[in-house]
Amino acid sequence: MTLQRDNFGSFFFIVVLVLVGGILLSCKVHAEFFDEEFTVFGFDEKSSSDRVRLAETTSEVQVTLENNNEKVAENIDDIKNFQQGFDEIKHGLEDIWDSIGDVFNHEIDNVKDYLKPKKGNKNKSWAKILTHDDFPDYDIKMKEPKLCDSSVKQYSGYLDASSNKHFFFWIFESRNNPKTDPITLWLNGGPGCSSLTGLFFELGPCTVNDDGSDTFINPYSWNSNSTVIFLDQPTNVGYSHGNSVSNTLAAAKDVYAFLQIFFKEFPDYANLEFHIAGESYAGHYIPAIAAEINKNNEGTSAWIQSFKPKHLKHINLESILIGNGLVDSLVQYKYYPEMACNSTYEPVLDEATCDRMRKAYPTCARLINNCYKSQNVFNCLPASMYCNKELIQPYQATGKNPYDVRKKCEGNNLCYPILGSIETYLNKKEIMEELGAEVDEYKSCNMEVNFRFQMAGDWMRPFHLSIPPLLANNIRVLVYAGDADFICNWLDGFNKAINKDWIIEDGSESIAGKVRSYKGLTFLQIFEAGHMTPYDQPVPSLDFFNRWIQKREL
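Okay, here's the thing in structure tokens:
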């Protein structure tokens, strides 16, 4: 399969055919009407009176035809204007396709290779294989590794689906009290980035050293007071493999199946409070997964389960935490020029460039609104292509780190060389064997997955609309963001929301950010942090996480 830049030209051709077909049909109807009139009148050309009547009728027909010709001419002019406008859009979209090629480099040229699922190598050394009667197409196979932090119990393995989808997970029990501490599911974004980058780069029990040869303990891990599940999803991300998924809703259903099977095997975990946390594109994943849980929880009450002992377990979803997330594109894209030129840090772009970005926003907003209304690929894909080209690419052209306006982009690993160290460690044969990895190679981010989600129009879809029903069901929502992040900037929802200092509880009484809460919804701005907040500010990040899951005021 190869990309066809002339698809929009084909679409235009179809539209023109429909319009012209409508005109011809109209003419045909008129012709049939006139034929019918001649027949009904029963003209006799031998009669002089009939000839007069025929001449009069013919004159009337000519006038009618002339009027119709004028209408046809007007329609043709409309078609020409439509064609001219469509050609302009087409040329603009062709430029956007070219720009996408600049972003993905050789990935676009090799797209036919990307469309193949990542191959897996079956591992037979599993300690347990778990099943669930309500999910006959899924099972979980797992083992207990002793890597990273051997002081806590761990589980690693795969959720297998009969549709050839295999999701890798790695679980670390709480360092405090795993019998009573809550469970947290952590998801990285991308789309296409492994949650193991979050484990080793940000908030897991350990961090890799510079050469990727070993790990060392992270004292600020989020498993200090919570059991944490790191899940590589969707398929073909990290150690996961199999048939590709290209939209958030499909991924959410797979995650829900994983949770049900896992909690069936560990009923003590099922009784604990459950949180979903993540960053970046997880601003899409998390609301969708939470909505899937919330929807199914409505059918898992104790009364229903008393009649269906094998029914789905009620998942005690307590809250969601979205960090520097892609949540509401309509608002976030509006603030890209301000983040580049008028944030709390040094301007990255000149004012003229930011003005051009501001002028592009109305068109971007119109396209996003069309996507929000229809939620189909034909409206959502043009929105992501146009908006990313006009409002993100000017920043990318500077060579600055899009995840931190204070820094230059370093190396080839999404501006952070440590991601290369993580890949080195997770590609070591002994590590892969200990974890039960079934792939030949681990990569921090898979651009095939990113490309698939983009082409499916998933990027701009309004998953933020899933949040109000969660709040209505008393599921708390924390939206936190480092204020130096460009790509998922904090200005969108925080500009009018922030009103109170956030002081961390480490004895220093230092102000780490700003916070505001209202009826279960909390906004948290974190000072001097980029896209990966726990990496830039580990102490404040652990502070807000512990206080949040313990229901203490921020």
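Residues in the sequence shown are numbered consecutively from 4, following our numbering.
No residue lacks a Cβ here, since even glycine has one placed at the ideal position from N, Cα and C.
Beta-bridge partners of S283 (DSSP): G328. For I296, the closest C-alpha among the options K316, H287 and G281 is that of K316. In summary, D213 is exposed, with fewer than 16 beta-carbon neighbours lying within 10 Å of its beta-carbon over all protein chains present. Following the DSSP letters along the chain, one finds V408 in no beta strand (DSSP E), marked with neither H nor E.
Scanning its chain for C-beta atoms nearer than 6 Å, with the 5 sequence neighbours on each side dropped, one finds no residue around S520. K522 sits in coil when the DSSP states are folded into three classes, being neither helix nor strand. By the criterion of at least three beta-carbon pairs nearer than 8 Å, the segment 473-484 is not in contact with the segment 221-231. The segment 160-168 and the segment 194-209 do not touch, with fewer than three beta-carbon pairs separated by less than 8 Å. DSSP places Q457 within a helical segment (H, G or I) once states are collapsed to three.
In the three-state DSSP reduction, E147 falls in the coil class, being neither helix nor strand.
Beta bridge pairing from DSSP links S159 with K146 and W173.
Annotation for T356: no beta strand (DSSP E) segment contains it, though the alpha helix (DSSP H) segment containing it runs E354 to S377. In terms of CA proximity to P385, G460 leads the group S377, P139, G460 and V334.
With three or more CB-CB distances shorter than 8 Å, the segment 381-397 counts as touching the segment 354-366. Of the residues G402, P208 and I289, the one whose Cα lies closest to the Cα of K256 is I289. For the alpha helix (DSSP H) assignment, the uninterrupted runs of no fewer than 4 residues enclosed by the segment 204-285 are, from N- to C-terminal side, 251-268 and 270-273. Judged by DSSP secondary structure, W551 falls outside any beta strand (DSSP E) and instead within the alpha helix (DSSP H) spanning P541 to I552. Remark: fewer than three beta-carbon pairs, one from each stretch, lie closer than 8 Å, so the segment 151-161 and the segment 246-255 are not flagged as touching. For V380, there is no enclosing beta strand (DSSP E); the residue is found in the alpha helix (DSSP H) stretching over V380 to L394. About 4 Å separates the CB atoms of H534 and D488; that is less than 8 Å, so the two are in contact. Each of E441, C418 and Y419 was checked against the Cα of L429, and the nearest Cα belongs to E441.
K431 and T218 have their C-alpha atoms some 13 Å from each other. With respect to the C-alpha of D504, the residue from N246, S511, G516 and S243 having the closest C-alpha is G516. The continuous stretches of beta strand (DSSP E) do not include A343, which lies in the alpha helix (DSSP H) extending over residues Y339 to C344. Check the Cα spacing between N449 and each of N416, E436, I421 and E437: the tightest is with N416.
Under a 10 Å Cβ-count criterion, S177 is classified as buried, with 16 or more other Cβ atoms of the shown protein chains found around its own Cβ. Take the alpha-carbon of E444 and the one of G241: they are about 9 Å apart. Separation of L422 and S447 (C-alpha to C-alpha, rounded to the nearest whole angstrom) is 7 Å. Taken through DSSP and simplified to helix, strand or coil, Y483 comes out as strand.
Exclusion of the five residues before and after C412 leaves G402, K403, N404, P405 and C418 as the residues of its chain whose Cβ lies within less than 8 Å of its Cβ. Three or more beta-carbon pairs separated by less than 8 Å link the segment 265-284 to the segment 181-193, which places the two stretches in contact.
As computed with DSSP, K517 is found in a beta bridge with D504 and Q528. Rounded to the nearest angstrom, the gap between the Cα atoms of H467 and F266 is 27 Å. The continuous alpha helix (DSSP H) containing L438 extends over residues K432 to L438. 8 Å or more divides the Cβ of C491 from the Cβ of L333. In this structure, the beta-carbon distance from S322 to H287 does not fall below 8 Å.
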